[in-house]
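In the numbering used here, the protein residues as written are 587 to 768. Worksheet: the structure to be examined is printed underneath.
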Amino acid sequence: MRTPKQLTPLGAIASGLAAGLVGTACMDTVRFLRQRRSGGERNPLRWEFAPVRTWQEAPDPGQVGKRLIEGFTQRELPDAAAWPVSTFMHWSYGAANGALYGVLAGSVRKPCGVYGVSFGALVWLSDYITLPIAGLYEPIWKYDLKTLAADLGPHLVYGAATGTVFRVLGEACAGVRTRLQG
587 MRTPKQLTPL GAIASGLAAG LVGTACMDTV RFLRQRRSGG ERNPLRWEFA PVRTWQEAPD
647 PGQVGKRLIE GFTQRELPDA AAWPVSTFMH WSYGAANGAL YGVLAGSVRK PCGVYGVSFG
707 ALVWLSDYIT LPIAGLYEPI WKYDLKTLAA DLGPHLVYGA ATGTVFRVLG EACAGVRTRL
767 QG
């Protein structure tokens with residue numbers, strides 16, 4: 587039985603989706619700042635929504651989306667779809683992982699924002715399991731520690747932000763529910 591402070595399953599999913607979007611924005615902020623420190627000159631919006639002209643240029647989320655859509659529709663996507671599919675897949679992957687986090691963290695009596703950091707590491711690790719199977723990454727042991735650490739950092743930020751936002755939203759939703767019931 588849920589305590590008055592626990593979220594409903596739908597509340598946990600909705601809070602997780604929102605938290606995952608914030609986590610994705612935080613992860614991208616880390617990557618944007620790295621780009622700027624290394625001499626990049628794009629402003630945040632031009633960096634975040636940089637055009638992807640062809641499928642050859644598409645990042646991994648776009649490649650996954652392309653495979654899913656083409657497999658389902660049995661039609662080849664034109665290069666013009668590379669940018670919207672890549673952008674959609676990146677943000678939906680972050681939101682969907684947030685929803686998964688919401689289900690997991692919402693299932694414990696008292697979710698803690700620190701759980702998010704572990705979840706971010708788990709998301710990072712899952713990329714190094716699933717993307718090599720898809721042929722988009724090399725196996726994890728083929729990367730040097732510097733590369734792996736550089737990729738892990740933003741994922742930890744994603745997890746920390748997702749966990750913190752989920753906790754705040756969860757407390758706010760539970761408080762509203764308690765007031766409505768009382």
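All residues carry an ideal CB built from backbone N, CA and C; glycine is no exception. Here the structure is a predicted model, which is why all the values come from computation and not from measurement.
Residue environment: D730 is assigned as exposed (fewer than 16 neighbouring CB atoms within 10 Å of its CB, all protein chains considered).
As for any alpha helix (DSSP H) of minimum length 4 sitting wholly inside the stretch 601-640, the runs are 630-634, ordered along the chain. K696 has its alpha-carbon roughly 16 Å from the corresponding atom of V703.
When the Cα atoms are used, A747 and P664 turn out to be separated by approximately 35 Å. In the three-state scheme derived from DSSP, where H, G and I count as helix and E and B as strand, E757 is classed as helix.
Between H741 and W710, the alpha-carbon positions lie close to 6 Å from each other. When the five nearest sequence neighbours on each side are left out, the beta carbons in the same chain lying within less than 7 Å of the beta carbon of R617 are those of P740, in order along the chain. By the Cβ test, the stretch 678-685 is in contact with the stretch 590-609, since at least three Cβ pairs between them sit closer than 8 Å. One Cα belongs to V671, the other to R622, and the distance between them is close to 25 Å.
In the three-state reduction of the DSSP assignment, A666 falls in the helix class, which pools H, G and I.
Secondary structure note for V709: its alpha helix (DSSP H) is the uninterrupted segment Y701 to I719.
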